[in-house]
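S.K.: At position 35 of the sequence shown (counting the first as 1) the number is 553 in the numbering used here, and the numbers step up by one without a gap.
One structure, pasted below without further comment.
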Amino acid sequence: NFSESEVVDRLIEIFGNVQIIPGISSIQVAASKARVPLDKSKVITMHVTTSIEEKKIELQKALLDGYSVVLVPRPWPKDPSKNFMQSEIAFYLKEHGFDTSKMKVHVFEFLTTEKETSFVGTVKDLEGKQFSDLSVMVFDQTKLESYINFK
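Laid out in structure tokens, this is it:
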């Protein structure tokens, strides 16, 4: 799948002509399981080796603007100071004025495998919790809207 440009860029550098085969990404699976439509969401990946400071601002803005967010966190096993996983994200949002006790979140690990797990709670509940580097978060701010409700 073509959801991680940094990985694809590296493969192209190494092998040259790389065939990209479409598939279902963990982002799509997580959004579906959380019942969060992608047209009312922002997709943000922190899973890069470059600076994520602008992406952190993008996360805040998306949440303030009322979007749901499908987020791939940033594991960094060799340098935990660069981690931006679920617990760090929860503390970051709280430090930036968000009421994390009222923010609904899903965390999915090992999607589409036999080891798949899910967590549903509030962002505050994520403080101090550890999740796999194979995880996706979904901040659920979806409000149901159907054509039946329009007059």
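Backbone N, C-alpha and C define an ideal beta-carbon position, used for all residues, glycine too.
#1: At which residues does the alpha helix (DSSP H) containing E576 begin and terminate?
#2: Is it right to say L556 is buried, meaning 16 or more other beta carbons lie within 10 angstroms of its own, or is it exposed?
#3: Between the alpha carbons of D583 and I539, how many angstroms are there, rounded?
#4: Relative to the alpha-carbon of F602, which residue among D651, G639, T618 has its alpha-carbon at the smallest distance?
#5: Residue ranges of each beta strand (DSSP E) run of no fewer than 3 residues wholly in the region 531-561, ordered along the chain?
#6: Which whole runs of the alpha helix (DSSP H) in the region 591-640 are 4 residues long or more, in chain order?
#7: Helix, strand or coil for L644? Go by DSSP, reduced to three states.
#8: Assign E663 to buried or exposed, taking buried as 16 or more other Cβ atoms, counted over all protein chains shown, within 10 Å of its Cβ.
#9: For V590 and V656, which I take to be in contact (beta-carbon distance under 8 Å), what is that distance rounded to the nearest angstrom?
#10: Between which two residues does the beta strand (DSSP E) harbouring F657 extend?
#11: Below 7 Å CB to CB, which residues in the same chain sit around F520 once its five sequence neighbours on both sides are set aside?
M.R.: Result, derived from the coordinates:
#1: 571-582
#2: exposed
#3: 34 Å
#4: D651
#5: none
#6: 604-613
#7: helix
#8: exposed
#9: Rounded, the Cβ-Cβ distance is 11 Å, inconsistent with contact.
#10: 653-657
#11: In this prediction, F520 scores a pLDDT of 45, lower than 50, which makes its location untrustworthy; the coordinate-derived value is nonetheless stated afterwards. Result list for F520: V526, I538, in chain order.
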